[in-house]
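If you use the working numbering, the sequence shown corresponds to residues -12 to 281, in order. Each remark here refers to the structure printed beneath this line.
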Amino acid sequence: MSHQEGQLGIAPLGFAHYRELVRRELDSDLGSAGDLTTDAVVPGDLEVKAQILTRQPGRVCGLDCALFAFDALGVVRWQVEQMDGTDVEAGTVLAELEGPARVFLSAERTALNLLAHLSGIATATRDLVYLVSRVSSARVLCTRKTTPGLRALEKYAVRVGGALNHRFGLYDAILIKDNHRLIAGGVRAAIARTRAHQSHVVKLEVEVDNLDELEEALDAGADVVLLDNMAIPDLKQAVDLARGRAVTEASGGITPDTIADVAASGVDFVSVGWMTHSAPALDVGLDFLVAPTS
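So this is what it looks like as structure tokens:
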């Protein structure tokens, strides 16, 4: 199987990012006894043709993961009809498949779970990006509020949806949060301690809850200020205070209902955990083309 770039030109998702995850999911479903129902009902030599298709409109993401789930259990053949990043209508065929019926039935749920979850994130992200684009030039970011074990996949889905990734983990960016400030003794002290260890290629971001903390962070030289759970009037004032001094990022409980108002405040970035922890799955299915006979 080879991944092709989708409509947005997104960098391919590396095989290593999902290979072991898919195998673990298959193992958790099949256990040591295998698929009891399929093994009892379906002849081992029965070959079928099938389709993966959408049952509602959305943006495709995770097709490689889904196809690998089948490939991990047996020799299957497929033709990809829609690539990651493609916007599709309900009833769109994403891939045509041919191979052992047992493979398709035993891997179906693992394949569709991943495809539905990642496509749901990509679709929700696309919609958030659109809402922001109507009122602002701000960019949408995801957060670290991801499903355990799925971070690389979910952040890929965010990119497919048209948003940007925030830091991947604690290792690739500095973000001073409220508990860091508390332990250090305040914003200035936390920034001073961080500067002593900061690489010149890493930006320093500070979370602030109010305008007083913002002023302190700006005076101490923060590169980016995360404006956490601020009311819209305070956000607008914060943007004015930070203009020309630091990049602004709004965060905290942002949903599709509130993101446009937040973006319209003038912030540079809007970070949203909702799209990775609460986006609804896209309804997808696997259908046999004909009722197979042994």
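Note that the Cβ used here is the ideal one computed from N, Cα and C, for glycine as well.
Query: Looking at C-alpha atoms only, which residue of L137, P44 and A20 is the closest neighbour of T263?; Result: L137
Query: What first and last residue would you give for the alpha helix (DSSP H) that runs through F2?; Result: F2 to L17
Query: Compare the beta carbon distance of S19 and L60 with 9 angstroms and say whether it is the shorter of the two.; Result: no
Query: Can you look up F155 in the DSSP assignment and give me helix, strand or coil?; Result: coil
Query: Name the residue from V195, L81, V80 and K142 whose alpha carbon lies nearest to the alpha carbon of Y5.; Result: K142
Query: Go ahead and label R168 buried or exposed: buried means 16 or more other beta carbons lie within 10 angstroms of its beta carbon, across all protein chains shown.; Result: buried
Query: Return the CA-CA distance between F275 and D210, expressed in angstroms with no decimal places.; Result: 55 angstroms
Query: If we require 4 or more residues per run, which alpha helix (DSSP H) segments fall completely within the segment 161 to 224?; Result: 165 to 171, 174 to 182 and 198 to 206
Query: Using only the alpha-carbon positions, how far apart do Q69 and I108 sit?; Result: 17 angstroms
Query: Taking the CB atoms as reference points, tell me whether T130 and H153 lie closer together than 9 angstroms.; Result: yes
Query: Could you pull out every unbroken alpha helix (DSSP H) segment of at least 4 residues lying fully inside the segment 89 to 159, listed in chain order?; Result: 138 to 147
Query: CB-CB under 8 angstroms to L201, same chain, minus the five flanking residues each way: which ones, in chain order?; Result: V195, V212, L214, A225, L228 and A229
Query: To the nearest angstrom, report how far apart T112 and P30 are at their CA atoms.; Result: 42 angstroms
Query: Tell me, please, whether the segment 111 to 127 touches the segment 238 to 256 by the rule of three or more beta-carbon pairs shorter than 8 angstroms.; Result: yes
Query: Determine the burial state of S186: buried for a count of at least 16 other Cβ atoms within 10 Å of its Cβ, exposed for fewer.; Result: exposed
Query: Helix, strand or coil for A56 per DSSP?; Result: helix
Query: With a CB to CB cut of under 8 angstroms and the five nearest residues on each side skipped, what residues in its chain are close to L205?; Result: V212, L228, A229, R232 and A233
Query: Assign A88 to one of two classes, buried (16 or more other C-beta atoms within 10 Å of its C-beta) or exposed (fewer than that).; Result: buried
Query: So, L140 versus G260, is the Cβ gap smaller than 9 angstroms?; Result: no
Query: Can you say whether L33 is buried or exposed, counting buried as having 16 or more other CB atoms within 10 angstroms of its CB?; Result: exposed
Query: A268 and H104: beta carbons closer than 9 angstroms?; Result: yes
Query: For W65, list the residues DSSP reports as bridge partners.; Result: L84
Query: Secondary structure at S265, three-state DSSP: helix, strand or coil?; Result: coil
Query: What are the start and end residues of the alpha helix (DSSP H) that includes L33?; Result: Here L33 belongs to no alpha helix (DSSP H), and DSSP marks it neither H nor E.
Query: Tell me the DSSP secondary structure of A237 in three-state form.; Result: strand
Query: On the criterion of 16 or more Cβ atoms from any shown chain inside 10 Å, does R64 qualify as buried, or is it exposed?; Result: exposed
Query: Q43 and D270: beta carbons closer than 9 angstroms?; Result: yes
Query: What's the C-alpha gap between A82 and K132?; Result: 31 angstroms
Query: Which word fits V28, buried or exposed, when buried means at least 16 other C-beta atoms lie within 10 angstroms of its C-beta?; Result: exposed
Query: Which residue marks the beginning of the beta strand (DSSP E) containing D248, and which one marks its end?; Result: D248 -> not in any beta strand (DSSP E); alpha helix (DSSP H) instead, spanning I246 to A250.
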